[in-house]
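Trainee: Have a look at the structure that comes next, please.
Residue numbers (the working numbering): 287 to 545.
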């Protein structure tokens, strides 16, 4: 029971940080905003989705066989999660609130997240045969697309600490729901072990990866805390708009002339 709770908490934390970073991206220049969006992709894709997945997998065991993980496939699954979330974020930020961009970004990110999940499952080596129920797999993919679309909608519409916190809790439910739906689709048939199982134990490589992503997450959180608040950025933008209307040169948050 502990790992589902920890997985949900990690998913919610990553989602909340991602929403905070995207809220910053909306209020700065396009060039600076790209850096915030990259951070949001790492937070949502790396912490909220990939780390959640493998924390949940820490509680997965099959009686009669040990489980080992293919390290390259597991690392690739992390790259996929971050990349597809980043692509969805950039697509939605580019399109604003236009529905085609939101739906396309949600489909791209959702199918990518589902791909990450099943690639992560394929990275498991065990003395058993895995099979999947096609209908439940399709349901998990539909949940992934819906969850990704909802998450991207939140990134362009939700503002304020309380609303971001609430949205993150909803995103956590959606992401973990997709994971456990995908797990429910799987059937395992154990057979006799005839050779040593290749791969690494979860604790040998997943723990360092999870710790590494967690450190990056803390760094991103620190960047948010130390950067100007959303209210300060809005006031700065209003001030710059007034200066621009009067023909005065633009200055940054610290009063330094831009350009």
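Every residue gets a Cβ at the ideal spot worked out from N, C-alpha and C, and that includes glycine.
This one's a predicted model, so the numbers in the text were calculated from it and none came from an experiment.
Can you tell me whether DSSP reads residue 413 as helix, strand or coil?
Mentor: If you number the chain shown from 1, residue 413 lands on position 127. Note: residue 413 maps to coil in three-state DSSP.
Trainee: Return yes when the Cβ of residue 470 is within less than 8 Å of the Cβ of residue 415, no when it is not.
Mentor: Looking up residue 415 in the chain shown gives position 129. Looking up residue 470 in the chain shown gives position 184. Taking 8 Å as the Cβ cut-off, residue 415 and residue 470 do not qualify as a contacting pair.
Trainee: Would residue 464 pass as a contact of residue 437 if the rule is Cβ separation under 8 Å?
Mentor: Counting from one through the chain shown, the residue named residue 464 turns up at place 178. Counting from one through the chain shown, the residue named residue 437 turns up at place 151. Cβ atoms of residue 464 and residue 437: not closer than 8 Å.
Trainee: From residue 332 to residue 489, what does the alpha carbon distance come to, in whole angstroms?
Mentor: The residue given as residue 332 occupies position 46 in the chain shown. The residue given as residue 489 occupies position 203 in the chain shown. Rounded to whole angstroms, residue 332 to residue 489 spans 18 Å at the Cα level.
Trainee: How many angstroms separate the CA atom of residue 369 from the CA atom of residue 424?
Mentor: Numbered from its first residue, the chain shown carries residue 369 at position 83. Numbered from its first residue, the chain shown carries residue 424 at position 138. Near 22 Å, if we compare the C-alpha coordinates of residue 424 and residue 369.
Trainee: So, is residue 479 buried or exposed, given that buried needs 16 or more other C-beta atoms within 10 angstroms?
Mentor: Start at 1 with the first residue of the chain shown, and residue 479 comes out as number 193. The residue is exposed, with fewer than 16 neighbouring Cβ atoms inside 10 Å.
Trainee: Per DSSP, residue 475 is paired with what?
Mentor: Position 189 of the chain shown, counted from the start, is the residue given in the question as residue 475. Paired residue(s): 415.
Trainee: Look at residue 296 and residue 337 and say whether their C-beta atoms are less than 8 Å apart.
Mentor: For the purposes of this step, residue 296 is taken as the residue at position 10 of the chain shown. For the purposes of this step, residue 337 is taken as the residue at position 51 of the chain shown. Going by C-beta atoms, residue 296 is nearer than 8 Å to residue 337.
Trainee: For residue 289, is the classification buried or exposed, using 16 other Cβ atoms within 10 angstroms of its Cβ as the cut-off for buried?
Mentor: Here residue 289 is taken as the residue at index 3 of the chain shown, counted from 1. Flag for residue 289 reads exposed.
Trainee: Just to confirm my understanding: we take residue 418, look at its own chain, exclude 5 residues before and 5 after, and list those with CB closer than 6 Å. What are they?
Mentor: As a working note, residue 418 is residue 132 in the chain shown. Closer than 6 Å at the Cβ level, and outside the excluded window around residue 418, lie 471 and 472.
Trainee: Going by DSSP, what residues sit across from residue 499 in a beta bridge?
Mentor: Within the chain shown, the letter at position 213 stands for residue 499. Paired residues: none, contrary to the question.
Trainee: Going by beta carbon distance, what residues of the same chain come within less than 6 Å of residue 485, once the five residues before and after it are set aside?
Mentor: For the purposes of this step, residue 485 is taken as the residue at position 199 of the chain shown. Around residue 485: 354, 355, 356 and 411.
Trainee: Using the Cβ count rule (16 or more neighbours within 10 Å means buried), how would you classify residue 396?
Mentor: Position 110 of the chain shown, counting from 1, holds the residue named residue 396. So residue 396 ends up on the buried side.
Trainee: Taking only three categories from DSSP, how would you classify residue 380?
Mentor: Against the chain shown, residue 380 aligns to sequence position 94. Three-state result, residue 380: helix.
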